[in-house]
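Here the structure is laid out as structure tokens; the discussion comes afterwards.
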Amino acid sequence: MEYTQLGRTGLKVSRLVLGTMNFGPQTNEADSHAIMDAALDAGINFFDTANVYGWGENKGRTEEIIGNWFAQGGDRRDKVVLATKVYGNMAADGDAWPNHDKLSAVNIRRAVDASLKRLQTDHIDVYQFHHVDRATPFEEIWQAIDTLIAQGKILYVGSSNFPGYKIAQANEIAARRGGTIGLVSEQCLYNLAERRAEMEVIPAAQEYGLGVIPWSPLHGGLLGGVIKKEVEGGRRASGRAADSLANTTIRAQIQAYEDLLDKHGVEPGETALAWLLTRPGVTGPIVGPRTADQLASAVRATELELSEELLAGLDEIFPGPGPSPEAFAW
Numbered sequence: 007m008e009y010t011q012l013g014r015t016g017l018k019v020s021r022l023v024l025g026t027m028n029f030g031p032q033t034n035e036a037d038s039h040a041i042m043d044a045a046l047d048a049g050i051n052f053f054d055t056a057n058v059y060g061w062g063e064n065k066g067r068t069e070e071i072i073g074n075w076f077a078q079g080g081d082r083r084d085k086v087v088l089a090t091k092v093y094g095n096m097a098a099d100g101d102a103w104p105n106h107d108k109l110s111a112v113n114i115r116r117a118v119d120a121s122l123k124r125l126q127t128d129h130i131d132v133y134q135f136h137h138v139d140r141a142t143p144f145e146e147i148w149q150a151i152d153t154l155i156a157q158g159k160i161l162y163v164g165s166s167n168f169p170g171y172k173i174a175q176a177n178e179i180a181a182r183r184g185g186t187i188g189l190v191s192e193q194c195l196y197n198l199a200e201r202r203a204e205m206e207v208i209p210a211a212q213e214y215g216l217g218v219i220p221w222s223p224l225h226g227g228l229l230g231g232v233i234k235k236e237v238e239g240g241r242r243a244s245g246r247a248a249d250s251l252a253n254t255t256i257r258a259q260i261q262a263y264e265d266l267l268d269k270h271g272v273e274p275g276e277t278a279l280a281w282l283l284t285r286p287g288v289t290g291p292i293v294g295p296r297t298a299d300q301l302a303s304a305v306r307a308t309e310l311e312l313s314e315e316l317l318a319g320l321d322e323i324f325p326g327p328g329p330s331p332e333a334f335a336w
């Protein structure tokens, strides 16, 4: 496993990030623990979660599963760079009590203490804002974060789903306040089929020294060989992938993608991950395995070298927006 610095920090993290969103809803606790053990064995040290994972009446369940894994000892917590998120409404029925969601100082304080309890740890390495809170000024947010850092409850702060201008705004205000390192990472939707982040988000992240952590690297399974699986095994696409394939233009694009990879003798899912690892500014994509086999496939992607011919072919099929501002200006 290769490691890199997280943005402009001295923190070393693996080029793959273990996503845990499936732990609880789709993967039981015992299997989740086995996947985390296998991830450590493979050298993955960066684990990502969120307080709302588990969903519905089970919000917080994923953090509890991770906490129970840490409690088994064996240096598990010491070896992991732990990232979780704050913003979401934690009410089981979806009806949040005032100040029990988003990024007010009140909710940040409440949420971090609740996550620490569920995770059975005394600190969170990377505490991430899960979404933009347009009602809370960054001055208030950074004051709350500075207090948590001084208390030793969190070490670094990242964003998720932020537009480029909010990354700039957050870090400019942090710089004016002084003593605040600001955002060190941005977790965004980015993959071969969805390259809009290249317009503003990734340039802003690079300018301000944030590591980019792509989520949904297979675009909901669309880039994982979905047509081939449909033909060979009768396994039909579902969710976002099924909706996309209903569009004949997108289906033709995915068919061209799978045909290209067949020609080069590489697997679709592994290629999609490997492509992200070639992109400027990317720390590592988040992989969310439901099984140990899926984790093993993701790890193989870190050893896959894509030829210039293959990269050019991928750009022809998924051209991306081009550089900013030239993509939308003269």
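When we follow the numbering used here, the leftmost residue of the sequence shown carries the number 7, and every step to the right adds one. For every residue, glycine included, the Cβ atom is placed at its ideal position computed from N, Cα and C. For clarity, every value in this text was computed on a predicted model and none was experimentally measured.
- Can you tell me whether DSSP reads Leu189 as helix, strand or coil? Counted from its first residue, the sequence shown places residue 189 at position 183. Look at Leu189 here: in three-state DSSP terms it is strand.
- Query: Span of the beta strand (DSSP E) holding Lys18?
  - Reply: Working through the sequence shown from its first residue, we reach residue 18 at position 12. Under the DSSP assignment, Lys18 falls in the beta strand (DSSP E) whose first and last residues are Lys18 to Ser20.
- Quickly, what does DSSP pair Ala89 with across the bridge? List them, please. Working through the sequence shown from its first residue, we reach residue 89 at position 83. Note: Ala89 sits in a beta bridge opposite Asp54 and Val132.
- Query: On the three-state DSSP scale, how would you describe Gly287?
  - Reply: The residue labelled residue 287 in the question sits at position 281 within the sequence shown. It is coil, neither helix nor strand.
- Message: Check for me: the beta strand (DSSP E) holding Pro220 runs from which residue to which?
- Response: For the purposes of this step, residue 220 is identified with residue 214 of the sequence shown, where counting begins at 1. Element bounds for Pro220: Gly217 to Trp221.
- Message: Measuring straight from C-alpha to C-alpha, what distance separates Gln175 and Ile71?
- Response: As a first step, residue 175 must be located in the sequence shown, where it is residue number 169. As a first step, residue 71 must be located in the sequence shown, where it is residue number 65. Rounded to whole angstroms, Gln175 to Ile71 spans 35 Å at the Cα level.
- Item | Sequence-distant residues of its chain with Cβ nearer than 7 Å to Ala40 (five each side left out) | Position 34 of the sequence shown, counted from the start, is the residue given in the question as residue 40. Counting only residues of its own chain and dropping the five nearest sequence neighbours on each side, Ala40 has a CB closer than 7 Å to the CB of Ala298.
- Message: Quick check for students: name the residue ranges of the beta strand (DSSP E) that lie wholly in the segment 33-83, counting only runs of 3 or more.
- Response: Taking only runs of at least 3 residues, the beta strand (DSSP E) segments lying wholly in the segment 33-83 are 52-54.
- Could you work out which residue in Gly290, Tyr263 and Ala181 is closest to Leu198 when comparing CA atoms only? Position 192 of the sequence shown holds residue 198. Comparing Cα positions, the closest option is Tyr263.
- Message: Quick check on Gly80 - is its C-beta less than 8 Å from some C-beta in chain B?
- Response: You won't find chain B in this structure, because it holds only one protein chain.
- Message: Could you pull the DSSP bridge partners for Leu24 from this structure?
- Response: Locating residue 24 in the sequence shown gives position 18, counting from the first residue. In DSSP, Leu24 forms a bridge with Phe53 and Val293.
- For Ala307, which option in Glu314, Thr277 and Leu109 has the closest C-alpha, if you only look at C-alpha atoms? Reading the sequence shown from its first residue, position 301 is the one you call residue 307. Cα-wise, what sits closest to Ala307 is Thr277.
- Mind the definition here: the segment 250-267 touches the segment 284-295 only if three or more C-beta pairs lie below 8 Å; say whether that holds. Using a Cβ-Cβ distance cut-off of 8 Å, the segment 250-267 and the segment 284-295 are not in contact, since fewer than three pairs of beta carbons, one from each stretch, lie closer than that value.
- Message: Rounded to the nearest angstrom, what separates Pro216 and Asp131 at their Cα positions?
- Response: Counting from 1 along the sequence shown, the entry for residue 216 is found at position 210. Counting from 1 along the sequence shown, the entry for residue 131 is found at position 125. Sequence check: residue 216 is Leu here, not Pro. Roughly 15 Å separates the two Cα atoms.
- Using DSSP with H/G/I as helix, E/B as strand and the rest coil, what is Leu371? No statement about residue 371 is possible, as the shown extent of the chain runs from 7 to 336 and does not include it.
- Query: Which of the three DSSP states, helix, strand or coil, is assigned to Gly271?
  - Reply: Your numbering for residue 271 matches position 265 in the sequence shown. Here Gly271 sits in coil by DSSP.
- Identify every run of the alpha helix (DSSP H) within the segment 292-326, keeping only runs that are complete inside it and at least 4 residues long; order them along the chain. Entirely contained in the segment 292-326, the alpha helix (DSSP H) runs reaching 4 residues are, in chain order, 298-307 and 314-323.
- Using the Cα positions of Glu315 and Glu206, report the straight-line distance between them to the nearest angstrom. Taking the first residue of the sequence shown as 1, we reach residue 315 at position 309. Taking the first residue of the sequence shown as 1, we reach residue 206 at position 200. The alpha-carbon atoms of Glu315 and Glu206 are separated by roughly 27 Å.
- Message: Just to confirm the assignment, what range does the beta strand (DSSP E) spanning Tyr162 have?
- Response: Here residue 162 refers to the residue found at position 156 of the sequence shown. Here the beta strand (DSSP E) through Tyr162 covers Ile160 to Ser166.
- What span of residues does the beta strand (DSSP E) with Tyr9 cover, start to end? Within the sequence shown, residue 9 is the residue found at index 3, counting from 1. Membership of Tyr9 in the beta strand (DSSP E) is indicated by the continuous run Tyr9 to Gln11.
- Which residue's Cα is closest to the Cα of Gly185: Thr153, Pro223 and Ala203? Your numbering for residue 185 matches position 179 in the sequence shown. Proximity to Gly185 across Thr153, Pro223 and Ala203 peaks at Thr153, based on C-alpha coordinates.
- Identify the residues that DSSP records as bridge partners of Asn197: which are they? As a first step, residue 197 must be located in the sequence shown, where it is residue number 191. DSSP lists Glu200 as partners of Asn197.
- Message: I need the DSSP call for Phe334, collapsed to helix, strand or coil.
- Response: Taking the sequence shown and counting its residues from 1, the one referred to as residue 334 is at position 328. The answer is coil: DSSP assigns Phe334 none of H, G, I, E or B.
- So, using beta-carbon positions, are Ile179 and Ala150 closer together than 8 Å? The residue given as residue 179 occupies position 173 in the sequence shown. The residue given as residue 150 occupies position 144 in the sequence shown. No; because the gap between Cβ atoms is not below 8 Å, this pair is not in contact.
- Are Gly73 and Arg67 touching if we call contact CB-CB under 8 Å? Translated into positions along the sequence shown, residue 73 becomes position 67. Translated into positions along the sequence shown, residue 67 becomes position 61. No, they are not a contact pair.
- Message: Taking its Cβ as the centre, do 16 or more other Cβ atoms sit within 10 Å of Trp148, making it buried, or is it exposed?
- Response: Counting from 1 along the sequence shown, the entry for residue 148 is found at position 142. Taking a 10 Å sphere around the C-beta of Trp148, we find 16 or more other C-beta atoms and assign the residue as buried.
- Drop a sphere of 10 angstroms on the beta-carbon of Asp139, count the other beta-carbons inside from all chains shown, and report buried for 16 or more, exposed for fewer. Numbered from 1 along the sequence shown, position 133 holds the residue referred to as residue 139. Per the 10 Å Cβ criterion, buried.
- Status (buried if at least 16 other CB within 10 Å, exposed otherwise) for Thr58: Taking the sequence shown and counting its residues from 1, one reaches residue 58 at position 52. Checking the sequence shown, residue 58 turns out to be Val, not Thr. Val58 comes out buried.
- Item | Straight-line Cα distance separating Leu161 from Asp128 | In the sequence shown, the residue the question calls residue 128 occupies position 122. In the sequence shown, the residue the question calls residue 161 occupies position 155. Rounded to the nearest angstrom, the two C-alpha atoms are 11 Å apart.
- Query: Where does Ala141 land, buried or exposed, given buried means 16+ other C-beta within 10 angstroms?
  - Reply: Against the sequence shown, residue 141 aligns to sequence position 135. Within 10 angstroms of the beta-carbon of Ala141 lie fewer than 16 other beta-carbons, which makes it exposed.
- Message: So the candidates are Ile50, Lys159 and Ala333; which of them puts its Cα closest to the Cα of Arg202?
- Response: Looking up residue 202 in the sequence shown gives position 196. When only C-alpha atoms are compared, the closest one is Ala333.
- Message: Under DSSP, the alpha helix (DSSP H) around Trp103 begins and ends at which residues?
- Response: The sequence position of residue 103 within the sequence shown is 97, counting from 1. For Trp103, there is no enclosing alpha helix (DSSP H), since its DSSP letter is neither H nor E.
- Query: If you compare alpha carbons, which of Ser20, Thr15, Thr55 and Val19 is closest to Phe29?
  - Reply: To locate residue 29, count along the sequence shown from 1; it is residue 23. Looking at the Cα atoms, Thr55 is the closest of the given residues.
- Taking C-alpha atoms, which residue in Phe135, Lys159, Glu192 and Phe144 lies nearest to Arg14? For the purposes of this step, residue 14 is taken as the residue at position 8 of the sequence shown. Relative to the Cα of Arg14, the nearest Cα in the group Phe135, Lys159, Glu192 and Phe144 belongs to Glu192.
- Query: How would you write the range of the alpha helix (DSSP H) that Tyr171 sits in, first residue to last?
  - Reply: Here residue 171 refers to the residue found at position 165 when the sequence shown is read from its first residue. That run of the alpha helix (DSSP H) goes Gly170 to Arg183.
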